[in-house]
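Everything in the sequence shown is counted per the numbering used here, starting at 175 for the first residue and increasing by one.
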Amino acid sequence: MSTHTLHTPAHTLQTPTHTRRAGPPRHRKPSRTVQGRNALNLGIATGVLGTLVAAAPASAAEQPESNTHTLELPVADLGLFDASESYDHLNDWAQRMELRGQEGQAAADAAVRARTGKAAAQQAERDKVASYEAAVKKAAADKAVAQQQAKDKAAKDKAAAGRQKAPKAPQWGGSGGGLSKVVDFARKKLGSPYVYGASSGNAFDCSSLVQAAYRAAGITIPRTSQEQSGAYPEVKGALQPGDILYWGAKGAAWHVAVYVGGGKFVGAQNSSTGVVLRDVANSNYSGAVRPG
């Protein structure tokens with residue numbers, strides 16, 4: 175069998191040469207940069223050598239019987255690897271990563287502040303709207319209270335004014351006084367002409383006759399039939415002399431007359447009859463009121 179010799183390119187490990195000055199030997203502690211560079215060079219060399227050894231056959235028994243190979247392991251030129259440059263790159267990369275992390279954190283903080291500020295602004299706007307609505311409701315409530323107080327005061331004032339202006343209560347019965355004068359005046363005006371709107375002593379319409387009869391007794395009552403029927407309480411029991419009979423709705427009567435007793439009334443009926451005496455039973459009157 176022929177023997178083949180395998181020659182592989184050999185690399186010479188070159189190390190920098192330093193010139194030392196004459197003098198006693200000095201022992202100096204290597205700097206961190208040198209230590210890091212040596213460690214990196216050693217790691218690279220170890221990795222290369224380990225790879226080559228792993229690729230070679232484990233023992234001579236594993237080599238082919240037919241050929242004999244002589245393997246020269248390459249020696250890595252560790253000078254190709256600049257440890258300081260690698261360290262600078264790593265340091266630069268680490269700084270960039272740190273800067274990116276800081277920028278990312280700053281962006282996250284800014285986003286949190288933005289969300290917080292937006293939430294605060296929204297809450298402030300909601301508070302503003304709620305405050306405005308509360309103010310509107312309070313103003314409406316205050317206005318309602320003021321209006322109710324004004325109505326109550328107006329009602330009290332009106333009631334007080336009504337009490338002050340109310341006619342003197344008539345005295346029923348009695349000879350020559352009180353409401354007997356109302357009856358006497360009405361009877362004396364029998365036969366007087368009917369004139370709509372008249373209020374003199376010689377001519378009357380229905381309501382002016384009733385007003386004049388009460389004036390004769392010293393009692394002031396309203397002028398129109400509507401006011402006379404609505405100003406006083408309704409008579410619930412039997413009629414008494416001096417009661418005012420009315421036709422139509424209470425407060426909206428279209429005719430009035432004076433009850434003079436004995437089932438009779440005196441009234442200025444119309445222009446054809448003038449002031450006459452009539453039976454209550456045949457009159458179909460709507461109701462009666464009693465001043466006082």
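Where is the CB? At the ideal position from N, CA and C, for every residue including glycine. Computed from a predicted model, the values in this text were never measured in an experiment.
Going by beta carbon distance, what residues of the same chain come within less than 8 Å of W346, once the five residues before and after it are set aside? Because W346 carries a pLDDT of 47, less than 50, the predicted location of this residue cannot be relied on, and the following value inherits that uncertainty. Taken in chain order, the residues that qualify are G352, L353, Q414, P415 and G416.
Buried or exposed for A268, please, with buried defined as at least 16 other CB atoms from any protein chain shown within 10 angstroms of its CB. The residue is exposed, with fewer than 16 neighbouring Cβ atoms inside 10 Å.
Anyone know if the C-beta pair for A431 and G422 falls short of 8 Å? Remark: C-beta atoms of A431 and G422 do not approach each other more closely than 8 Å.
Which one or two residues does DSSP pair with N444 in a beta bridge? As computed with DSSP, N444 is found in a beta bridge with G448.
Would you mind giving the Cβ-Cβ distance between Q400 and A427, rounded to the nearest angstrom? I have them listed as a contact below 8 Å. About 6 Å; that satisfies the 8 Å criterion.
Can you confirm whether the stretch 389 to 409 touches the stretch 443 to 456 when touching is taken to mean that 3 or more C-beta pairs between the two stretches lie within less than 8 Å? The stretch 443 to 456 makes no contact with the stretch 389 to 409; the number of CB pairs closer than 8 Å stays below 3.
Roughly how far, in whole angstroms, is the beta-carbon of G461 from the beta-carbon of K424, given that I think they are within contact range, below 8 Å? Confirmed, about 6 Å.
Who does L479 pair with in a DSSP beta bridge? Since the displayed the chain opens at 175 and closes at 466, residue 479 lies outside it and no answer follows.
How would you label A387, buried or exposed, when you count the other beta carbons within 10 angstroms and need 16 or more for buried? So A387 ends up on the buried side.
For H429, write down the residues that DSSP places opposite it in a beta bridge. Beta-bridge pairing links H429 to W421.
Alpha carbon to alpha carbon, how far is Q321 from A314? Give it in angstroms, no decimals. Distance between the alpha carbons of A314 and Q321: 10 Å.
Helix, strand or coil, according to DSSP, for Y261 in the structure here? Reduced to three states, the DSSP call for Y261 is helix.
Between the C-alpha atoms of E259 and N265, what's the straight-line distance to the nearest angstrom? Straight across, the Cα-Cα distance linking E259 with N265 is about 10 Å.
Please state whether the Cβ-Cβ distance between R464 and Y420 is less than 8 Å. Not closer than 8 Å, so no.
According to the Cβ coordinates, are Q443 and I418 closer than 8 Å? Result no, Cβ atoms of Q443 and I418 do not sit closer than 8 Å.
Can you tell me whether A455 is buried or exposed, with buried defined as 16 or more other CB within 10 angstroms of its CB? Exposed.
Would you tell me roughly how many angstroms separate the C-alpha atoms of D144 and A298, rounded to the nearest one? For the chain, the structure presents residues 175 to 466; residue 144 sits outside this window and is missing.
Taking 6 Å as the limit between beta carbons, can you name the residues of its chain near D283, skipping five residues before and five after? Cβ within range, chain order: n/a, list empty.
Through-space distance from A329 to V434, alpha-carbon basis: Looking at the two C-alpha atoms, the distance is approximately 36 Å.
Closest by CA to A412, which one among G436, R397, G404 and H429? Selected option, being the one with the closest Cα: G436.
Whole angstroms is fine: what's the gap from S457's alpha carbon to P367's? Taking the straight line from one Cα to the other gives about 20 Å.
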